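The listed protein sequences correspond, in order, to chains A and B. All letters in the first sequence, in the order written, are residues 1 to 333 by the UniProt record's numbering. All letters in the second sequence, in the order written, are residues 1 to 604 by the UniProt record's numbering. For glycine and all other residues, C-beta sits at the position ideal for the given N, C-alpha and C. These figures come from a predicted structure and were not determined experimentally.
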Amino acid sequence: MADIALTKKDFTSEQEVKWCPGCGDYSILSTMQIFLPELGIPRENIVFVSGIGCSSRFPYYLETFGMHSIHGRAPTIATGLAISRPDLSVFVITGDGDSLSIGGNHLIHALRRNIELKILLFNNRIYGLTKGQYSPTSEQGKITKSTPAGSLDSPFNPISLALGAEASFVARSVDSDRKHLTEVLRAATAHKGSALIEIYQNCPIFNDGAFDSVKDPSTKGAALLQMVHGQAIKSETHGVIRENGSLKLVELVNTNEADLIIHDAHNPDPSYAFALSRLSASELDHVPVGIFRDVARASYSAQVNTQISDIIAKDGAGDLHKLLNSGDTWTVE
Amino acid sequence: MSLDQVTIRFAGDSGDGMQLTGDRFTMDTASLGNDLSTLPNFPAEIRAPQGTVHGISSFQLHFADHHVQTPGDAPDVLVAMNPAALKANIKELKRGATIIVDKDEFTTRNLSKVGYATNPLEDGSLESYKIHAVGLTSLTVAALSELSLTRKEAERSKNMFALGLLTWMYHRPTESTENFLKAKFATKPEILAANLLAYKTGWNYGETTEDFAVSYDIGKAKMPAGKYRNISGNTAMAYGLIAASQRSGLQLFLGSYPITPASDILHELSKHKKFGVITFQAEDEIAAVGSALGASYGGALGITTTSGPGVALKSEMIGLGVMLELPLIIIDVQRGGPSTGLPTKTEQADLLQVMFGRNGESPAVVLAPSHASDCFAIAIEAARIATTYRVPVFILSDGYIANGSEPWMIPDIDSLPDLHVEFAKTQENFMPYLREPKTLARPWAIPGTKGIEHRIGGLEKADKTGEISYDPANHDFMVRTRAAKVAGIEVADLEIDDPSGEAELLVLGWGSTYGPIASAIEVLRASGEKVAQTHLRHLNPFPKNLGEILQKYPKVMVPEMNLGQLAMLLRSQFLKDVISLNQVRGLPFTTAEIADSIKAVLHG
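Structure, rendered in structure tokens:
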């Protein structure tokens with residue numbers, strides 16, 4: 001624990017923040033700076049590692065250790081750091097292009113290994129830093145600089161992808177909802193192992209309004225399906241029921257409240273969380289937010305170090321002289 | 001009968017166990033006090049089609065009562081387990097060489113498979129060789145008939161029969177191989193019994209039959225006093241890395257992706273967790289080096305092992321290492337290229353790749369071990385440079401060094417350099433790019449250190465503060481500073497071997513060509529020629545006295561297993577018109593081809 005309680009100011013670096021005015025990254029940064037003191041972890045034991053993209057400038061603005069690395073590879077660097085330094089709290093900051101396109105391989109492998117990493121995926125459904133090409137989460141048919149006739153690619157659903165990669169903690173939140181995002185961060189940091197948080201993040205320059213349906217006061221009440229462990233999953237107008245072995249979105253007016261699914265984030269069956277992730281499509285009329293899945297699974301980093309300490313406890317620490325003199329040896333007089 | 005040296009080649013199908021047979025003969029030979037050098041040579045396929053020339057796996061061993069530099073040019077003895085093994089190797093034998101074949105395998109079908117119209121054991125085509133046609137298969141099967149094995153299982157022990165026979169012929173001790181088999185098959189008593197019996201039967205066969213009238217003694221080599229073991233390059237590399245970790249107090253972190261011929265370093269290090277070694281088999285080459293760099297950032301000794309294709313994938317991350325100025329060791333066990341090339345064959349064609357294969361002005365250190373056991377020392381040297389100067393360091397080993405083995409005088413632990421390093425300490429106004437004046441190294445400032453929280457990254461940084469900077473003058477300064485740091489690294493001066501002091505020709509090599517060059521020069525000097533030799537272990541930066549040495553000799557010859565990559569560097573840096581000697585056959589130079597080329601230059 002830190003000697004004295006830290007505040008947002010303590011986590012704010014002197015670096016001038018250089019995102020475009022109105023960028024969703026500002027609110028995520030501010031939420032993080034307010035949240036970090038709550039962890040009670042000394043600043044020097046926190047590391048933010050990012051890749052390349054607008055979101056990846058994030059570490060510069062936090063008064064912790066930070067590395068702005070190369071495109072898509074932040075999980076690899078963070079993996080080496082987290083395994084060799086289990087005393088640190090390691091966060092990965094990435095975007096939809098960084099983690100789902102060029103770095104897709106590293107994301108899925110970090111998640112399936114359950115490395116002790118908290119991965120924040122800022123999803124703005126566009127390439128911002130390179131000035132407006134479609135991304136792996138852009139909706140099909142999207143007109144961008146590189147797709148003047150409309151994008152042909154089918155987008156990834158990042159939550160489905162993470163669940164398919166056996167992630168033990170998967171959640172979704174929205175940049176502008178400080179309270180919700182803080183709750184998700186709190187749960188993610190309490191979780192042992194990898195946590196993936198998809199954060200819908202507005203890019204006011206190249207994809208403005210992409211998430212209006214979940215942010216606009218007139219629509220968000222209906223669009224946001226709140227997932228709270230132990231409570232019915234529902235928005236103001238819709239709920240979720242079980243039907244034909246899967247989950248189905250229904251209007252509350254036509255449904256008996258008792259039929260609604262009670263959310264179980266700790267459900268060991270990944271198909272439950274996967275079915276939840278399929279409730280939303282590109283158009284974002286109805287979007288589950290909160291924690292899809294939070295299950296206990298041994299953390300890779302912890303296991304690596306346990307293997308080593310177990311072997312040392314059993315056989316004793318290595319002796320270099322013995323090692324070099326092992327096997328068949330002979331002496332020349 | 002007494003001999004001063006012998007070169008033996010064991011050859012058979014990929015599944016015949018020739019590498020194991022060779023390894024065992026090597027260990028028994030080493031423990032007898034002969035000097036030796038080995039050359040395993042095998043196809044990329046795990047089980048190539050049986051009985052085909054391209055599927056043949058071989059193991060060559062040169063041992064002697066004097067110092068040995070190479071695995072030998074041409075074998076004196078060939079053990080051929082089938083017609084394909086004979087066909088694949090016959091043209092490389094000396095006239096009069098001894099050939100031991102498994103005559104049971106010389107069937108019409110097997111002969112026609114490799115294009116023998118008639119049986120070479122009977123048609124007189126091998127008259128100039130000493131042929132021993134032995135029923136290795138049938139004798140093995142007969143010897144094991146008491147055991148409850150299938151014929152197929154019994155046949156599998158024929159390599160041990162052959163090993164037993166050779167062990168008798170060359171008076172090798174049998175205990176070590178017997179102990180090895182006992183340990184290997186401890187849980188399979190039937191297989192153990194079969195192997196021990198086949199081994200013993202082979203030995204007895206030599207002793208009792210008249211086919212082998214003579215056996216041979218090869219006296220002990222005169223080697224410096226000390227304790228020895230036999231070691232391959234990859235094992236020596238792994239041991240060197242562990243030694244560097246122990247001497248520095250830094251945790252060894254290896255991030256690696258399996259690739260031939262480097263994987264054995266990963267395998268070896270994985271066995272040594274009790275040294276606190278972490279081995280991480282990553283999802284790809286990029287993640288392998290990324291994890292190593294991340295571990296270095298956290299204060300570990302970050303290492304990645306690979307071969308040429310892997311280096312290509314890692315390049316961007318190594319560039320980040322150059323920019324972050326963190327220690328990082330990249331071991332490239334070179335193989336034939338380009339692309340997938342010749343995965344199991346040797347080459348030295350990655351020198352320019354590791355020198356220049358990154359975007360921007362991106363200097364990295366390059367070292368190369370000269371022979372198998374030198375991998376131990378070069379690993380320690382790489383760690384010294386990486387941690388002192390905080391810079392990526394490449395080690396260019398190759399398939400020949402990696403898999404070949406030789407006796408190694410085991411060093412005294414206390415004689416190894418002290419690699420202790422200092423991390424940045426808690427301080428006010430910490431500046432991550434404030435350099436040590438002598439080394440130009442920036443602080444190694446690891447997370448967990450209070451008060452020095454800072455941000456680094458791949459963007460150009462301002463001098464001293466490390467903040468992002470797009471300032472033109474600053475970029476120019478930082479590019480030149482990174483170059484100056486690497487150029488200024490202190491490395492040992494090059495030593496010249498020129499006993500007459502009158503040589504007009506200097507032969508300058510690097511990496512695994514050391515053995516063949518030294519051997520060729522030994523031969524030439526014995527016949528009165530005057531030739532000087534020197535060998536580079538530091539390729540970037542070069543030793544400080546290299547320029548002076550190059551100017552001193554009117555002629556400089558540079559043998560390389562590429563098309564002249566070191567020659568290009570020497571020409572550009574020193575304006576010296578060196579003479580290139582190049583071959584890229586996937587095999588080391590022979591002593592004879594280097595000796596002939598030197599003679600041509602001397603008297604041409």
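Asked, Found
"Reduced DSSP secondary structure (H/G/I, E/B, other) of Pro-158 of chain A", "helix"
"Within chain A, the residues that Leu-293 of chain B reaches when beta carbons sit closer than 7 Å", "Ile-77 and Gly-80"
"The segment 28-45 of chain B contacting the segment 90-104 of chain B, beta-carbon criterion three pairs below 8 Å", "no"
"Contact list for Ser-31 of chain B against chain A, beta-carbon separation under 9 Å", "Asp-328, Thr-329 and Trp-330"
"Check whether Tyr-553 of chain B and Glu-504 of chain B have beta carbons under 8 Å apart", "yes"
"Minimum Cβ-Cβ distance from Pro-432 of chain B to chain A less than 8 Å", "no"
"Cα-Cα separation, Gly-128 of chain A to Gln-348 of chain B", "43 Å"
"Min CB distance Leu-459 of chain B to chain A below 8 Å", "yes"
"Within-8 Å CB hit, Glu-316 of chain B to chain A", "yes"
"Residues bridged to Asn-230 of chain B [DSSP beta-bridge criterion]", "B:Pro-407"
"Assigned secondary structure, Val-304 of chain A (DSSP; H/G/I helix, E/B strand, else coil)", "helix"
"Touch test, the segment 4-13 of chain A against the segment 33-47 of chain A, Cβ-Cβ under 8 Å, three pairs minimum", "yes"
"Contact with chain B by Gln-140 of chain A, beta-carbon distance below 8 Å", "no"
"Beta-carbon neighbours of Lys-274 of chain B, restricted to chain A and to distances below 8 Å", "Ile-308, Ile-311, Ile-312, Asp-315, Gly-316, Ala-317 and Gly-318"
"Residues, ordered as in the chain, of the segment 279-290 of chain A that lie near chain B by beta-carbon distance below 9 Å", "none"
"Distance between Phe-574 of chain B and Ala-225 of chain B (C-alpha atoms, nearest Å)", "41 Å"
"Cβ of Val-47 of chain A within 8 Å of any chain B Cβ", "yes"
"Gly-319 of chain B beta carbon less than 8 Å from that of Arg-358 of chain B", "yes"
"Residues of its chain near Leu-111 of chain B, where Cβ-Cβ distance is below 7 Å and the 5 sequence neighbours each way are ignored", "Pro-83 and Asn-119"
"One or two residues paired with Met-67 of chain A in a DSSP bridge", "A:Val-49 and B:Ile-456"
"Residue of A:Phe-11, A:Ile-46 and A:Leu-152 minimising C-alpha distance to Thr-189 of chain A", "A:Ile-46"
"Met-1 of chain A - DSSP class collapsed to helix/strand/coil", "Confidence in Met-1 of chain A is poor, its pLDDT being 45 and thus under 50, which makes the residue's placement unreliable; the coordinate value appears in the next sentence. Met-1 of chain A: coil per DSSP, three-state reduction."
"Ala-382 of chain B versus B:Ile-303, B:His-603, B:Gln-19 and B:Trp-444, residue with shortest Cα-Cα distance", "B:Ile-303"
"Residue nearest to Phe-258 of chain B in terms of C-alpha spacing, selected from B:Gly-240, B:Thr-279 and B:Leu-252", "A small correction: the amino acid at residue 258 of chain B is Pro; Phe does not occupy that position in the sequence shown. Among B:Gly-240, B:Thr-279 and B:Leu-252, the Cα nearest to that of Pro-258 of chain B is on B:Thr-279."
"Expected contact under 8 Å - CB spacing of Thr-346 of chain B and Gly-586 of chain B to nearest Å", "6 Å"
"Rounded distance between the beta-carbons of Ala-487 of chain B and Glu-361 of chain B, thought under 8 Å", "Not a contact, Cβ separation roughly 12 Å."
"Which of helix, strand or coil DSSP assigns to Gly-511 of chain B", "helix"
"Residue interval of the alpha helix (DSSP H) (run including residue 616 of chain B)", "Because chain B is modelled from 1 through 604, residue 616 of chain B falls outside the range shown and cannot be assessed."
"Counted within 10 angstroms of its Cβ, other Cβ atoms place Thr-31 of chain A as buried (16 or more) or exposed", "buried"
"Beta-bridge pairing of Gln-226 of chain A - partner residues as DSSP gives them", "A:Lys-234 and A:Val-289"
"Straight-line gap, Val-228 of chain A to Pro-155 of chain A (C-alpha atoms, nearest Å)", "27 Å"
"Unbroken stretches of the alpha helix (DSSP H), 4 residues or longer, contained in the segment 148-207 of chain B", "151-155, 158-169 and 175-184"
"Assigned secondary structure, Lys-215 of chain A (DSSP; H/G/I helix, E/B strand, else coil)", "helix"
"Local Cβ density within 10 Å of Phe-206 of chain A, reported as buried at 16 or more and exposed below that", "buried"
"Pro-37 of chain A at chain B interface by Cβ criterion, 8 Å", "no"
"Neighbourhood of Ala-282 of chain B by C-beta distance below 8 Å, restricted to the same chain and skipping five residues each side", "Gly-255, Ser-256, Tyr-257, Ala-288, Gly-290 and Ser-291"
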